[in-house]
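Only one structure is covered here, and it is reproduced in the block below.
Residue numbers (the numbering used here), protein chains in the order written: chain A, 1 to 492; chain B, 1 to 373; chain C, 1 to 273.
Encoded structure:
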C-alpha cells in the first residue's frame, strides 16, 4: 500500500468512525479530524514544491478521507437514526453535517499540505501552529456545534499529561512502573486535604497544587528507593505492589488509631474519608474570571492547556539535557552507563520523582476539577491504561505519547460510551436479551487495553508514531518515499 | 548482554544506599505491620479454637496457592518471564468448571455415586482446557518476544491478563439452556457453585470426647481440597524429577542454549512448562470454586498476586520452594483475613513480596547468588 | 616514573570459586601495558574490580595515590579511569554523538534546575560538550556523517572506535581497553593499534589492555602481565614473557613447553615484536 493511500485511509477511518458513532453535528468535527490526520500524513511522505501544489495534493486526499466521513454520517443519519429514534426528523442537519465534514476535511488537509511546502524548519513550526490553533479554537467549535464534549475532554488532557510523566519513567529511563496511578492519588489526596474543609485547611488551590506535586515527588523518592537494586521485571511487580497498597491504605485510613506504648495517641481519626473520598475540594480563583465553576469548563480547559504546554516544554528540555541523556543511557545499558560515570541511584530516583511530580500535578488539578476524589479512581487499571497510552503512540516519543494518549482516552471516555448507547438502542427491540444487556463502555473497556498492549508488543513495539530512528531500524527496506513522490508527480 | 547483567547483579557489591533503602522499608512496615501485630498475638492466644480454624483455612488456601504458584515458577524457571496472565488462567478455570457443573446439572441432591465421577471428569476437562489455553497464550503473545527485552513479554502478559479478565466478564453473559441457569441473572455479579463437597465437621466426635474446649471445625471439603492439591503437586514433582521430559525441562532451565545443543526441542519444552502450569491453575480453579462456593471474574488478580508472592517467597524457579511459599502465604492471608481485616490482606501480601524482593530476592529455598535470583 | 595504579594482594571469590588470586600489580604512568592469559584466567574480572563493578574479596587498588576499591563505578570514572567492554556495550539507540556526550557526564555540571531553565551557563556548557564530542569522534576516526547515526547501525569497527571515544570523553588518566581488536581484520587491527599508541603519545593517557591478539600485545606493550587461573604467573617485557616456560605451559598445556612446538595459540611462542 503506498503511503498516500495509507494517509487518506487512516484519516478516513478515524473520521468515518467518529461520524458513524456520534452522528449529528459531530460530523463537522469528524471532517476536521479526518482532514488533519490525512494532511499531516500526506505532508510527511510526499515532497511538494509550491504551496499551491501542496494544497491541491492535501485537499485531494482530504476529500477522499472526507468521503468516509460523508458515508459514515449518511449511514448514521439515514439508516441508523430512523431505527433507534423513528420520530426524529432533522434530515437537513444530516446532509449539512455530512457535506460540511467532507468540505472541512478537504480544506484542513489542504492547509496542512500547503504549510508543509515551506522551507524546512518553518513547515514544522507552522504545522504545530495550525494544530495549536485548532486546539485553542475547540471550545468555540464545541459551543457552535453543541457537542458538549468539554467535560470529557478536560480529564482526557489530564490523563495525557500523566502519560507524559509516565513516559519519563518508562520511555526515557526504561523503568517499568506499574503503580504510577499511586502518585496521581497522592497528588489528588494532598490537594484534597489541603484545599478542602476536611481538615479545616482551606488553602488556595494555586498553592496546594505545588505542594501536591512536591509531596508526590517525595513519595516518588520513597517508593523508588527500595526498588533500586531490583531488575526490570521485579521492579515492575514491586511498583505494582505500591500502586495497590496506596489505594488500599487510602480506602481504609478513615478510622485511624495509633497506639504508642499503650497510649492512644490518635483515636478514630478520619484522614482520607475512606471510600466516600474527600469533597468538596477548592477551586482556583483568578481576577476577571473569578472562581472556576463546574458548569463552565472553558477556564479549566485553558488552564490545563497552559499546564500541558509548560509540561511539554520542560519535558523536552529535560530530554535534551545531560539528565535526559543519562536516563536514556541507563535505559540502554545500566552497567555501561555506570561505567561512563552516571550515578545510577541518583538518575533512577530523579526519573521516579520527576515522573511522580507530573502525576502529582495532574492529580491535584483533577481533584480540584471534579471537586472530589475517591480511592476507586486510582486502581491498577488506571496505571495500565496509562501504560497503554505510552506504548500505543511510541515509548520515549512526546508526540507519540500525546497521540496515543488522545486515542485511548477519547475512545475510553467519548466513543465507547457512545457506541455502547448506540448498540443498546439498536438492540432494544431485538429478541436477543444478551445484546440488550451488554454495555460496551464497561464490558469491553478492559479488553481494549489488553489487546492494545498485546498487539503493540507483538506487532509494532515501536508504537504508532516511532521516532524516525527506531522506524528506520525496525522497518528498513520498505521505505518507498521516493517512489511515492515520483509516482505522485506523474499522476499530477 | 542479558547474561552480563545477570552476572553483575549476582556479583555486585553491597553499597550503603541499599541499606539505607532497606532501613527505610523496615521503618515503613514496622509502622504498618508490627504495631497492629501486637494486638493480634493477644487475640490469637485468647481464642485458640478460632486460631486452629484459621490455620485449617490457611492450609487449604495454601494448597491452591501452591498449585497456581507452580505455573509462575515453572515458567519463570525456564523463560525467565513473569507470566502475569497466569492468575486469569486460574479464573477461567473456575468459570469453565462452573459451566461444566451447570451442564452436567450437578446439585446438592445429586447422589455421590454420580457426583464423584462427574467431578473427576470435570477436573480432567478443566485441567486440559486451561493447559491448552496457557499453551496458546505462550504461542500467540509471548513466543515472538522471547529475545526482546525483559519488559516486552511482561507488558504483553499484562495485556493478556486484561483480555482474559474481560473474557471472564463476558462469560457471565452466557446463558444457554444447557447450562441450567448456573450463571445467574447478573453477568457481572459473583457466580455461585452448588455446594458439592461434604461440609460436615469430621472432628465432631472429638468435641464429644474431650468436651467443649476442644471444638475445632474440620470439614470434609477441607480435607478433599488438601488431598487433591497435594497429590497433584506430588505428581508434578515426580514428573519433573523422574521423566525424560521433566529432565529436558530442568536442563532447559539451567542453560537454554546448551539444552538446545544437546538436542532438546526448546520450544516444546517451554510449551510443556506452560501446559503443566495451566493444568495446575485449572485444577485450582475448580477446587477453589467448590470450596468457596463462588467464582467472580476479578478473582484472578488477587489469586495471581498471592501465588506469585508464594513463588518468589519460596525461590522462583524452585518447585519445592513454591509449595512451601504457597503454604506460608495461605496461612498468612488466612490469619490476616481474620485478625487484621480482609481489606488489608492484599496490602500485607504485597508488603511481604516487597520485603522479600528487597532483602532476599532469591527466596527462602533459592541459592545465594544463583543464576535465577 | 611513579606508578599510577597499584594493586595489592587482590583476591576475588565467587562463592567457592576463586577468580582472581592474590595479584599484585603496578602500572606506570604513561605506559601501555597488557594483561593476557587464557580464557577464564580472570582478566575481565580484574578489570571489573578496578572499575568498581565488583568489590575485591580482599586487597586494595590505589589509583593516583587514592584508594579506589569500595567506590561505586561512576565514582571510579570520576576519579579518572575510563574503560571499554569486551562485548561492545554502546547505548544502541542513541546516536554516536550522544554516546560520547554521555561519556562526558561526570565532567558536566548541569543539574535539574539548570536543565529546566537552561541559563547561559548551561547553554555554553552544552555547546562546548558537543564540540568536544565532535572532536573526539574525529580523533578516533569516525566520519562526521555517521555521528548522527544510531550506535547500533554503525559498522563493527566503528563501534569499537566509538567505545574508545566514549571512554576518552570521561577525561581519563587511565584507559582500560578490554579486547579492543577482537573480531577485527588485520587492517583494522593495525589502525586501532596506531590509535591506541596515539592516545598515549598525544594525550598522555596510561593504557592497560586485555588482548588475545599476540601481534598487538607484543607490538604495543611496554609491559605484559600474564594471568592464569586467577594468579599472576609472569610479568615483564614482551619478549621475556613470551619465552617464559610457565606462560607457554599455561597456553598450550603441560608438556608443551618441553616440546615447544605448534598448538592452538602458537603465536604466543613466536612473538613478532
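Cβ atoms here follow ideal geometry from the backbone N, Cα and C, with glycine treated the same way.
Please state whether DSSP places residue i in a helix, a strand or coil.
i	result
residue 138(C)	helix
residue 29(C)	coil
residue 358(B)	helix
residue 316(B)	coil
residue 72(A)	helix
residue 139(B)	helix
residue 219(A)	helix
residue 69(C)	strand
residue 98(A)	helix
residue 191(B)	strand
residue 364(A)	helix
residue 267(A)	strand
residue 251(B)	helix
residue 245(B)	helix
residue 118(A)	coil
residue 191(C)	helix
How far does the beta strand (DSSP E) with residue i in it reach, from first residue to last?
i	result
residue 236(C)	231 to 236
residue 275(C)	Outside the displayed range of chain C (1 to 273) lies residue 275(C), so it cannot be described from this structure.
residue 8(C)	3 to 14
residue 226(C)	223 to 228
residue 175(C)	174 to 178
residue 81(C)	81 to 83
Does chain B have any CB closer than 8 Å to the CB of residue i?
i	result
residue 355(A)	no
residue 497(A)	Any answer about residue 497(A) is impossible in this case: the structure gives chain A only from 1 up to 492.
residue 152(A)	no
residue 420(A)	no
residue 452(A)	yes
Could you tell me whether any Cβ in chain A is nearer than 8 Å to the Cβ of residue i?
i	result
residue 350(B)	yes
residue 102(C)	yes
residue 361(B)	yes
residue 357(B)	yes
The alpha helix (DSSP H) with residue i in it runs from where to where?
i	result
residue 423(A)	416 to 427
residue 159(C)	156 to 168
residue 289(B)	266 to 292
residue 206(C)	Counting along the chain, residue 206(C) falls outside any alpha helix (DSSP H), though it belongs to the beta strand (DSSP E) covering 206 to 210.
residue 99(C)	96 to 103
residue 207(B)	204 to 210
At 8 Å on the CB atoms, spell out the chain C contacts of residue i, in chain order.
i	result
residue 323(A)	110, 111, 112, 115
Tell me whether the beta-carbon of residue i lies closer than 8 Å to the beta-carbon of residue j.
i	j	result
residue 67(B)	residue 273(B)	no
residue 274(A)	residue 198(A)	no
residue 73(A)	residue 39(A)	no
residue 155(A)	residue 114(A)	no
residue 87(B)	residue 330(B)	no
residue 290(C)	residue 237(C)	The question about residue 290(C) has no answer, for chain C in this structure spans 1 to 273.
residue 153(B)	residue 234(A)	no
residue 11(A)	residue 34(A)	yes
residue 102(A)	residue 70(A)	yes
residue 175(A)	residue 169(A)	yes
Strictly under 8 Å for the Cβ-Cβ distance: is residue i near chain C by that measure?
i	result
residue 84(A)	no
residue 394(A)	no
residue 49(A)	no
residue 318(A)	yes
residue 165(A)	no
By the criterion of Cβ-Cβ separation under 7 Å, what are the contact partners of residue i in chain B?
i	result
residue 417(A)	Here the premise fails: no neighbours, minimum Cβ distance about 17 Å.
Given that residue i touches chain A, what residues does it touch there, using C-beta distances under 8 Å?
i	result
residue 91(C)	328, 329, 332, 333, 336, 337
residue 146(C)	Simply none; closest approach about 13 Å.
Residues of chain C with a CB under 7 Å from the CB of residue i: which are they?
i	result
residue 314(A)	116
Please list the partners that residue i has in chain A, where partner means a Cβ-to-Cβ separation under 7 Å.
i	result
residue 73(C)	338, 339
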